[in-house]
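Peer 1: Would you mind keeping the following structure in view while I ask a few things?
Number of protein chains: 2
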Amino acid sequence: MAGGLFAGIDIGGTKISVVIASDDGRVLGRSRRKSKPERGFDGVMARVVETVDEACADAGVARATLTAAGVGAPSPILPDGTAVSAVNMGWTNVPLGQALRERLGMPTFAENDCNVGTYGEYAFAKPRRRGTLVGLFMGTGLGGGIVLNGTILRGDNALAGEVGHMTVVPDGRPCVCGKRGCLEAYSSKTGLAYEFKEAIVLQRKPSVLPSMLDEGGLDNVKSSILRRAWEEKDEVTRVALRRAARYLGIGAGNLITLLAPTTVVLGGGVMDALGEQLLPLIRESASEHAFPSASFRSASIELAALGDDAVALGAVAYADHCLS
Amino acid sequence: MAGGLFAGIDIGGTKISVVIASDDGRVLGRSRRKSKPERGFDGVMARVVETVDEACADAGVARATLTAAGVGAPSPILPDGTAVSAVNMGWTNVPLGQALRERLGMPTFAENDCNVGTYGEYAFAKPRRRGTLVGLFMGTGLGGGIVLNGTILRGDNALAGEVGHMTVVPDGRPCVCGKRGCLEAYSSKTGLAYEFKEAIVLQRKPSVLPSMLDEGGLDNVKSSILRRAWEEKDEVTRVALRRAARYLGIGAGNLITLLAPTTVVLGGGVMDALGEQLLPLIRESASEHAFPSASFRSASIELAALGDDAVALGAVAYADHCLS
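Sequence lines, in order, name chains F and W. When the letters of the first sequence are read in order and numbered with the numbering used here, they come out as residues 1 to 324. When the letters of the second sequence are read in order and numbered with the numbering used here, they come out as residues 1 to 324.
In structure tokens:
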């Protein structure tokens with residue numbers, strides 16, 4: 001470990017979250033701002049710097065005393081820090097790592113958000129865990145990361161780990177990526193929106209959901225609202241979430257069959273809100289779909305321990321790793 | 001490379017094939033026998049030793065002058081050489097590596113047949129290839145192997161790479177493993193048998209296949225017969241093989257999406273016989289199902305170069321690697 005304090009930066013389509021943390025994951029300060037991607041790449045970069053400075057103030061440290069920064073963003077990231085394609089941010093091939101290195105004046109390491117989220121679980125949640133760790137993050141989309149003996153698996157073009165776009169239903173539902181039958185089309189808020197519209201709008205089934213919605217409508221129901229509707233035993237919500245859990249279990253089962261990991265961690269907004277409710281369903285489906293049974297028995301499927309801080313703290317662990 | 005000559009042993013449900021080869025893959029001698037698994041583990045071991053001695057005689061060398069032996073077998077193999085479960089051989093937890101080490105009197109390294117088949121492509125077919133290589137072998141079943149920066153990916157319990165049992169159709173066709181919708185249930189001779197029975201027996205479609213069959217019947221049509229029926233433009237055969245190719249492309253696309261490999265090689269009996277005919281269909285399907293498109297463009301899908309010798313030569317490369 002490199003020692004000292006790090007900024008961990010989580011850039012998402014809605015918000016920027018920053019933690020100031022030590023190399024063992026202790027959080028000394030934090031800050032959060034809306035990301036406002038409509039202001040363009042430079043606008044978002046300026047807001048990141050402001051958020052880092054606010055987090056430094058919260059921690060009572062000067063930015064210049066930080067050792068390095070780690071950044072997680074919703075895009076494949078090349079080794080030189082280029083963000084290849086962040087649909088939610090409107091970015092194509094932007095120099096994310098370089099831009100923040102220059103603006104923050106410190107070593108800065110950018111990676112895909114789900115990759116660093118998985119890396120954070122590896123480094124902080126169970127620091128003695130070795131071998132293969134798979135992370136699945138169910139939020140607006142379905143992202144994944146693979147850490148193999150302490151290294152993020154990037155594949156030969158830095159684009160590996162796109163678990164959400166593995167085909168689980170040939171000729172299945174349309175996915176936002178343009179393909180059909182992707183895991184993300186079933187196990188994500190996008191998949192839930194598809195179910196909600198079918199049940200509530202087309203089939204006119206009764207549901208408490210419409211009365212709870214804010215400006216996101218059925219297209220992007222907040223995780224907290226999903227939880228409320230689940231707790232009110234809303235059948236439309238429960239059927240949709242059970243199906244999402246079943247498909248996430250198919251995805252987890254397939255990754256166990258292929259990679260024989262020790263642990264699969266489940267994170268992301270939907271899991272943060274409804275993890276205890278969905279975990280048994282996901283485990284049951286993974287057990288049904290994994291082969292051979294010895295692989296399933298030797299893999300544990302758990303909720304991510306870092307919760308909402310997964311990406312920001314993972315970015316701290318990743319920056320520390322890059323310097324070591 | 002360790003230097004000297006190696007025995008490469010391919011143990012299958014039907015036959016044992018042995019090559020005597022140098023560490024750069026040059027074959028000096030070979031032999032082949034039926035494996036006769038009904039004679040039990042010791043019976044098969046005795047036949048392996050006889051086949052090795054015949055191959056040595058063919059090469060004009062004494063067994064005692066060999067550096068080491070590599071063994072590929074249709075089972076997950078633990079690091080200590082235990083074959084966990086070889087359904088075709090009737091083996092459960094047999095000490096394969098140790099038994100042959102004692103009987104052959106030389107260092108002997110056992111591995112899963114598709115793992116060494118992929119390793120052989122890595123080591124001999126394109127020896128300067130680096131990064132990630134995925135092998136898919138379509139024969140009686142559908143096996144796979146992953147070589148990552150020169151090392152076979154085994155996962156945390158030596159059971160990784162079971163590509164054929166990833167679920168591609170939820171609630172789909174029954175698979176021999178007891179699950180449903182496995183890739184192997186679509187892209188293998190077992191999958192073809194399912195199609196043939198449905199078309200010829202249930203739907204009574206005309207086909208040249210029944211007139212060509214030997215004792216295997218529709219359950220295990222020889223690859224050479226598949227090829228003859230394809231060349232005679234038999235529609236039942238072509239429809240079934242096109243579907244098998246489409247699903248193999250889904251599997252290849254999913255592995256490209258997840259692992260971002262440089263190369264996917266396609267081998268096994270069906271591909272050895274019909275590779276030129278099926279390759280364009282597999283590529284088209286993989287292109288349709290892989291994400292993001294940059295990953296597909298940077299991966300090439302090719303026929304395995306070592307053909308029928310893939311496992312035996314791969315076992316040579318693997319033994320050499322273990323000694324180095």
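Cβ atoms here follow ideal geometry from the backbone N, Cα and C, with glycine treated the same way. Remember, predicted model here, so these are calculated numbers, not experimental data.
Can you tell me which of the three DSSP states T190(W) falls into?
Peer 2: helix
Peer 1: Just to check my reading of the structure: N112(W) and G72(W) have Cβ atoms closer than 8 Å, yes? What is that Cβ distance to the nearest angstrom?
Peer 2: 7 Å
Peer 1: With a threshold of 7 Å between beta-carbons, can E111(W) be considered close to chain F, or not?
Peer 2: For E111(W), not one C-beta of chain F is nearer than 7 Å to its own C-beta.
Peer 1: Using a Cβ-Cβ cut-off of 6 Å (strictly less than) and excluding sequence neighbours within five positions of T51(F), which residues of its own chain qualify?
Peer 2: Once the five neighbours on either side are set aside, the close Cβ partners of T51(F) are I16, V18, S31, R33.
Peer 1: Relative to the C-alpha of S207(F), which residue among R238(F), D219(F), C182(F), L5(F) is closest?
Peer 2: R238(F)
Peer 1: For L148(W), I'd like the list of residues in its chain whose CB is within less than 7 Å of its CB, leaving aside the five on either flank, ordered along the chain.
Peer 2: Apart from sequence neighbours up to five positions away, the residues of its chain that approach L148(W) with a beta-carbon distance below 7 Å are T132, ordered along the chain.
Peer 1: Can you find a CB in chain F that lies within less than 7 Å of the CB of S298(W)?
Peer 2: yes
Peer 1: Using only CA atoms, which one of L303(F), V163(F), R246(F), D214(F) lies nearest to L258(F)?
Peer 2: V163(F)
Peer 1: Measuring only between beta-carbons, confirm whether A160(W) sits less than 7 Å from chain F.
Peer 2: Yes - at least one Cβ of chain F is within 7 Å of the one on A160(W).
Peer 1: Just verifying my parser: in three-state terms, what is the DSSP assignment at L266(F)?
Peer 2: strand
Peer 1: Does any residue of chain F bring its CB to less than 7 Å from the CB of M166(W)?
Peer 2: yes
Peer 1: Based on DSSP bridge pairs, tell me the residues matched to R144(W).
Peer 2: According to the sequence as given, residue 144(W) is Gly; it is not Arg. Paired residue(s): L136(W).
Peer 1: So C322(W) packs on F109(W), CB below 8 Å; how close in whole Å?
Peer 2: 4 Å
Peer 1: Strictly below 7 Å CB to CB, what residues from chain F border A240(W)?
Peer 2: By Cβ distance, chain F contributes nothing, its closest Cβ being about 16 Å from A240(W), past 7 Å.
Peer 1: For T151(W), list the residues DSSP reports as bridge partners.
Peer 2: Bridge partners of T151(W): L148(W).
Peer 1: Using the Cβ count rule (16 or more neighbours within 10 Å means buried), how would you classify V116(W)?
Peer 2: buried
Peer 1: To the nearest angstrom, how far is it from the Cα of D80(F) to the Cα of C114(F)?
Peer 2: 18 Å
Peer 1: Going by DSSP, which residues form a beta bridge with K34(W)?
Peer 2: K15(W)
Peer 1: Have a look at A62(F), A86(F), T190(F), G120(F) and flag the residue whose alpha-carbon is nearest the alpha-carbon of P37(F).
Peer 2: A86(F)
Peer 1: Using the three-state DSSP reduction, which class does C114(W) fall into: helix, strand or coil?
Peer 2: Judged by DSSP in its simplified three-state form, C114(W) adopts helix.
Peer 1: Cα separation between L266(F) and E184(W)?
Peer 2: 28 Å
Peer 1: Which residues in the same chain have their Cβ closer than 7 Å to the Cβ of K189(F), if we skip the five residues on either side of it in sequence?
Peer 2: G139, T140, N220, V221, V270
Peer 1: What residues from chain W crowd round L259(F), counting only those whose CB sits closer than 8 Å?
Peer 2: Correct list: L153, G155, A160.
Peer 1: Cβ of C177(F) less than 7 Å from any chain W Cβ?
Peer 2: yes
Peer 1: So, with DSSP's three-state summary, where would you put P174(W)?
Peer 2: strand
Peer 1: Please check the pair A312(W) and D23(W), which I expect to be a contact at CB under 8 Å, by giving their CB distance rounded to whole angstroms.
Peer 2: Contact flag wrong, Cβ pair sits at about 14 Å.
Peer 1: Note the first and the last residue of the continuous beta strand (DSSP E) segment covering L183(F).
Peer 2: That residue, L183(F), is in no beta strand (DSSP E); it is neither H nor E in DSSP.
Peer 1: Quick one: is I282(W) near chain F, going by C-beta distance under 7 Å?
Peer 2: Answer no: the Cβ-Cβ gap between I282(W) and chain F never drops below 7 Å.
Peer 1: List the residues of chain F that I77(W) touches, going by C-beta distances under 9 Å, in chain order.
Peer 2: Residues of chain F with a Cβ closer than 9 Å to the Cβ of I77(W) do not exist; the shortest Cβ-Cβ separation is about 13 Å.
Peer 1: Measure from the C-beta of S225(F) to each C-beta in chain W and report whether the shortest distance is under 7 Å.
Peer 2: Correcting the residue type first, residue 225(F) is Ile in the shown sequence and not Ser. Judged by the 7 Å Cβ criterion, I225(F) is not in contact with chain W.
Peer 1: Taking DSSP as the reference, what is the three-state secondary structure of A336(W)?
Peer 2: No answer is possible for residue 336(W): the residues shown for chain W start at 1 and end at 324.
Peer 1: Grab the span of the beta strand (DSSP E) containing G216(F) for me, first residue to last.
Peer 2: Counting along the chain, G216(F) falls outside any beta strand (DSSP E), and DSSP gives it neither H nor E.
Peer 1: Identify every run of the beta strand (DSSP E) within the region 37-76 of chain F, keeping only runs that are complete inside it and at least 3 residues long; order them along the chain.
Peer 2: Whole beta strand (DSSP E) segments, 3+ residues: 68-73.
Peer 1: Is the distance from the Cβ of D58(F) to the Cβ of G25(F) below 7 Å?
Peer 2: no
Peer 1: Give me the subset of the region 132-144 of chain W whose CB atoms are less than 7 Å from a CB atom of chain F, sorted by chain position.
Peer 2: Residues passing the 7 Å Cβ filter: T132.
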